[in-house]
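Participant: Here's a structure for you.
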Amino acid sequence: MKGEPVEVWLSFFPVILEEEDGVSQSVQNEDFSELDISFADFLSRLAGGGDRIRLGAALVSKALGQGHGCVDLENVLAERIPGSNSGEVSLVRWREELSDSSVVGGAGTLCPLILDENRLYLHRYWQYEDEVRRFLLNRMSQPLLVFDRVQMYRQIRNIFEVDDGSADPDQVTAALAILCRHFVVISGGPGTGKTSTILRILALLIVQGIVAGADIGLAAPTGKAARRLQETMVSQLQGLNCANTVKEQMVFKVQTLHRLLGPIRDSVFFRHNETKPLPFKVVVVDEASMVDVSLMAKLLRALPPDCRLILLGDHAQLSSVEPGSVLGDICFPEAINRFSTALYAQIGDLVGTGHGRIEIKTEQPCRSDSLVNLRKSYRFGDQSGIGQLAEAVKEGQGEQVMALLHEGALPDISWREVVDRRTLRTALADSLPRITSFLEYLDDFQKVFAALVKSRVLCALRQGPFGAPAVNGIIEDLLRDRGMIETGQRYYNGRPLLILKNDYDLELYNGDTGIVLSDLVGGKVKRCVFPGAQGGEQQISPTRLPLHESVYAMTVHKSQGSEFQDVIVLLPPGGGAVVSRELLYTALTRAREHVEIWAAPEDILRAVATTTHRQSGLRQKVWSGEDIGQTP
């Protein structure tokens, strides 16, 4: 097949894996892109041919496009070859041919592809994963730091208000973990107090004299998430139970992670790296589930040796758009809230034992000492429909999900059957007032922007008739039909905008939202208005904007790091490759007051039953051999 055009090779798949002992099986229904095929063809020529080389390279390319860090060859065969014996034979032959190839090397070698056990990687992504692995094993295996317990306990009791009975045991546990370790993950669902917890912890570190305010760097993956963290911290700062001299040091500037690391124009590298580390003693990254393995590796390179790294996020949410699921791999469920004897005893000193935490009876530090999960939701009480629905989705309880939706007794959740384009257009027409309520306030930026983030349609897909651009198009057609927006104008008065690409000069970032407003005099000159970085507003000509689109609707992926009072979740008929439990959970938890699902019941059940598993070796490499009662 060497030298054949792409079209011929596409027709060549499924690829036949022929064995000497007569086993002949095919890899069926592979939807390879031209990029996958071209990459595989290139490596196959370098290697001097070989169908298994070609297939492995194509699968690696395809896996990266789907967000995986590698391709597990055993899983590939298990999914396509019934019967373990033939699969084992094929795997042995496949590994042998890969290992003998000049383009495939073992862990740590300089080859285009890396075969690490049964996982095949593009070299670059094996290197990223290995850097993250080495950092985690180093930080999570270090002895617990020692401190003056009497003084520290007194300060924790004061800042977390332990003695008046209002302290959250999980939040106090997080504080102890960060004092004892240089790497900690604080995970928790919506409204569990991750931001208030980290604010108190940073105050504690300053009070203790471990760091000054200037030694702390805060970041989030997107501009929207960074701005939201900044606003929340500012609003909560004055309520902290600490001296004003401490609060004065806590006027932080939250940046995007790219901005923190220092982007280099037209380069994948950053100014801060192992030779020029960040100038911080503590780095906090919010919405860490959105950080891919490449960006995480580059962050770890830039950390000074004794810098504390604190990751905040919800490991049940969607993983990053780019390859990897670092937070999900770190937060091995069976390891969460399990602590070594030493740390467990300190937790008991402050908030008592129990509370769902488990002691691992060892005097050695445990890797799980670095994981704390906040479980109490301060946003959704026991009677909250959103809270109950999100929990049922997270736990994969499809029958409970449908029971809650059918019941109709909970005012903050609802359901509408949308099964085709006709019912979608009807539903959008009926919901137009709630989706476009901001159009009433176009003469007042503060009011219009507050209304703009009240309601949003969240789409599972970007492409197709149920994708976000198509839904935005339907809404704009409906508005024009009703005379609510100008016809023939791309930048009509009131057009909501979503930025799709970072522009560091304009300080506009992927995920930022703004609105087009007409000049008050004459109404012909249009200006695009965005919230200013330091409050107020920022006005930009439409011609200067980076890549953008309308945003009555957006994808669930784009909504990460955002919150809305009212959310409509749209699932496509028949589902899709990306429609999963994690996607539905993420969409539901964007809502603060009300959420409505638009989908057929079978599509809701399918989403709840479908879990997303990113292929990587990180979880197995970090947790293998760790005594937490179960093997990952």
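Going from the sequence shown to the working numbering is simple: count from 1 and add 1325. Ideal Cβ placement from N, Cα and C applies to all residues, glycine included. Computed from a predicted structure; not experimentally measured.
1) Would you tell me roughly how many angstroms separate the C-alpha atoms of V1429 and W1451, rounded to the nearest one?
2) Compare the beta carbon distance of V1854 and F1770 with 8 angstroms and say whether it is the shorter of the two.
3) How would you call D1356, buried or exposed, if buried means at least 16 neighbouring beta carbons within 10 angstroms?
4) Return the CA-CA distance between G1959 and R1379, expressed in angstroms with no decimal places.
5) Exposed or buried, which one is I1589 when buried takes at least 16 other CB atoms within 10 Å?
6) When burial is assigned at 16 or more other CB atoms within 10 Å of the CB, is P1736 buried or exposed?
7) So what's V1778 in DSSP terms, helix, strand or just coil?
8) Would you mind working out which of T1838, R1449, L1870, I1711 sits nearest L1909, comparing C-alpha positions?
9) How is the beta strand (DSSP E) around L1894 delimited, first residue to last?
10) With DSSP run on the structure shown, which of helix, strand or coil describes H1958?
11) In the DSSP assignment, what are the bridge partners of H1919?
12) Determine the closest residue to E1612 out of I1655, A1551, R1626, with distance taken between C-alpha atoms.
13) Do you know offhand how far G1681's Cα is from G1513's?
14) Considering only C-alpha positions, which residue in the set I1531, L1398, N1483, S1665 is nearest to L1675?
15) Could you have a look at D1376 and say whether DSSP puts it in helix, strand or coil?
16) Between which two residues does the alpha helix (DSSP H) containing S1560 stretch?
17) Spell out the partners DSSP gives P1588 in its beta bridges.
18) Please list the terminal residues of the continuous beta strand (DSSP E) segment that includes G1542.
19) Rounded to the nearest angstrom, what separates L1930 and L1585 at their Cα positions?
20) Thinking just about the alpha-carbon of each residue, which of V1903, D1837, A1924 is nearest to the one in P1546?
21) Taking the alpha-carbon of L1823 as reference, which of A1793, F1594, E1888, E1874 has the nearest alpha-carbon?
22) Any idea which residues DSSP pairs F1508 with across the strands?
23) Pick out whichever of N1698, P1758, Q1863 has its Cα sitting closest to the Cα of I1800.
24) Name the DSSP beta bridge partners of A1382, please?
25) Whole angstroms is fine: what's the gap from Q1788's alpha carbon to P1898's?
26) Could you tell me which of A1754, W1923, E1862 sits nearest to D1806, measuring between CA atoms?
27) Any contact between the segment 1678-1696 and the segment 1495-1508? By contact I mean 3 or more CB pairs, one from each, below 8 angstroms.
28) Is the segment 1554-1570 close to the segment 1476-1495, with three or more CB pairs under 8 angstroms?
29) Within the continuous alpha helix (DSSP H) that includes Y1450, where are the two ends?
30) Give the single residue among D1591, S1426, V1609, N1463 whose Cα lies nearest to the Cα of L1582.
31) By DSSP, does H1873 sit in helix, in strand, or in coil?
32) Taking R1747 as the reference, which of L1786, P1790, I1738 has the closest Cα?
33) Exposed or buried, which one is G1490 when buried takes at least 16 other CB atoms within 10 Å?
34) Can you find the residues in the same chain that come closer than 8 angstroms, C-beta to C-beta, to C1436, ignoring five residues on each side of it along the sequence?
35) Got a sec? Which residues, its chain only, sit under 6 angstroms from T1937 by beta carbon, not counting five neighbours each side?
36) Could you give the C-beta distance for L1668 and T1522, rounded to a whole number, given that I count them as a contact under 8 angstroms?
Facilitator: With the given structure in hand:
1) Along the sequence shown, one-based indexing puts residue 1429 at 104. Along the sequence shown, one-based indexing puts residue 1451 at 126. Approximately 12 angstroms, taken between the alpha carbons.
2) Here residue 1854 refers to the residue found at position 529 when the sequence shown is read from its first residue. Here residue 1770 refers to the residue found at position 445 when the sequence shown is read from its first residue. Yes, the pair counts as a contact, with Cβ atoms nearer than the cut-off.
3) Along the sequence shown, one-based indexing puts residue 1356 at 31. The residue in question, D1356, is exposed, as its Cβ has fewer than 16 Cβ neighbours within 10 Å.
4) It is not possible to answer for residue 1959, since the shown part of the chain is limited to 1326 through 1957.
5) Walking along the sequence shown from the start, residue 1589 turns up at place 264. The residue is exposed, with fewer than 16 neighbouring Cβ atoms inside 10 Å.
6) Within the sequence shown, residue 1736 is the residue found at index 411, counting from 1. Flag for P1736 reads exposed.
7) What you label residue 1778 is simply residue 453 of the sequence shown in a count that begins at 1. It is coil, neither helix nor strand.
8) Locating residue 1909 in the sequence shown gives position 584, counting from the first residue. Among T1838, R1449, L1870, I1711, the Cα nearest to that of L1909 belongs to I1711.
9) Taking the first residue of the sequence shown as position 1, residue 1894 is located at position 569. The sequence shown places Val at residue 1894, not Leu. Element bounds for V1894: 1889-1895.
10) Since the first residue of the chain shown is 1326 and the last is 1957, residue 1958 is not available in this structure.
11) By one-based count along the sequence shown, residue 1919 stands at place 594. In DSSP, H1919 forms a bridge with D1891.
12) Position 287 of the sequence shown holds residue 1612. With distances taken between Cα atoms, E1612 lies closest to A1551.
13) Locating residue 1681 in the sequence shown gives position 356, counting from the first residue. Locating residue 1513 in the sequence shown gives position 188, counting from the first residue. When rounded, the distance between both Cα atoms is 15 angstroms.
14) Here the question's residue 1675 lines up with position 350 in the sequence shown. When each option's Cα is compared against that of L1675, the closest is N1483.
15) For the purposes of this step, residue 1376 is identified with residue 51 of the sequence shown, where counting begins at 1. Here D1376 sits in helix by DSSP.
16) Here residue 1560 refers to the residue found at position 235 when the sequence shown is read from its first residue. Element bounds for S1560: 1548-1562.
17) Position 263 of the sequence shown, counted from the first residue, corresponds to residue 1588. Partner(s): F1595.
18) For the purposes of this step, residue 1542 is taken as the residue at position 217 of the sequence shown. 1541-1545 is the extent of the beta strand (DSSP E) around G1542.
19) Position 605 of the sequence shown holds residue 1930. Position 260 of the sequence shown holds residue 1585. Rounded to the nearest angstrom, the two C-alpha atoms are 41 angstroms apart.
20) Taking the sequence shown and counting its residues from 1, the one referred to as residue 1546 is at position 221. When only C-alpha atoms are compared, the closest one is D1837.
21) Reading the sequence shown from its first residue, position 498 is the one you call residue 1823. With distances taken between Cα atoms, L1823 lies closest to E1874.
22) In the sequence shown, counting from the first residue as 1, residue 1508 sits at position 183. Partner(s): L1634.
23) Numbered from its first residue, the sequence shown carries residue 1800 at position 475. Closest option to I1800, Cα to Cα, is P1758.
24) As a first step, residue 1382 must be located in the sequence shown, where it is residue number 57. Beta-bridge pairing links A1382 to no other residue.
25) Against the sequence shown, residue 1788 aligns to sequence position 463. Against the sequence shown, residue 1898 aligns to sequence position 573. Answer to the nearest angstrom: the Cα atoms are 13 angstroms apart.
26) The residue given as residue 1806 occupies position 481 in the sequence shown. The shortest Cα separation from D1806 among A1754, W1923, E1862 belongs to A1754.
27) yes
28) yes
29) The residue you call residue 1450 lines up with position 125 of the sequence shown. Note, Y1450: alpha helix (DSSP H), 1448-1465.
30) Taking the sequence shown and counting its residues from 1, the one referred to as residue 1582 is at position 257. Selected option, being the one with the closest Cα: V1609.
31) Mapped onto the sequence shown, residue 1873 falls at position 548. In this structure, H1873 counts as strand in the three-state DSSP scheme.
32) Counting from one through the sequence shown, the residue named residue 1747 turns up at place 422. It is P1790.
33) Here residue 1490 corresponds to residue number 165 of the sequence shown, with the count starting at 1. It is exposed - the Cβ of G1490 has fewer than 16 other Cβ atoms within 10 Å.
34) Numbered from 1 along the sequence shown, position 111 holds the residue referred to as residue 1436. The residues are S1427, V1428, V1429, G1430, H1448.
35) Walking along the sequence shown from the start, residue 1937 turns up at place 612. So the qualifying residues of the chain are S1905, E1907.
36) As a first step, residue 1668 must be located in the sequence shown, where it is residue number 343. As a first step, residue 1522 must be located in the sequence shown, where it is residue number 197. That belief does not hold up - the Cβ atoms of L1668 and T1522 are roughly 17 angstroms apart, past 8 angstroms.
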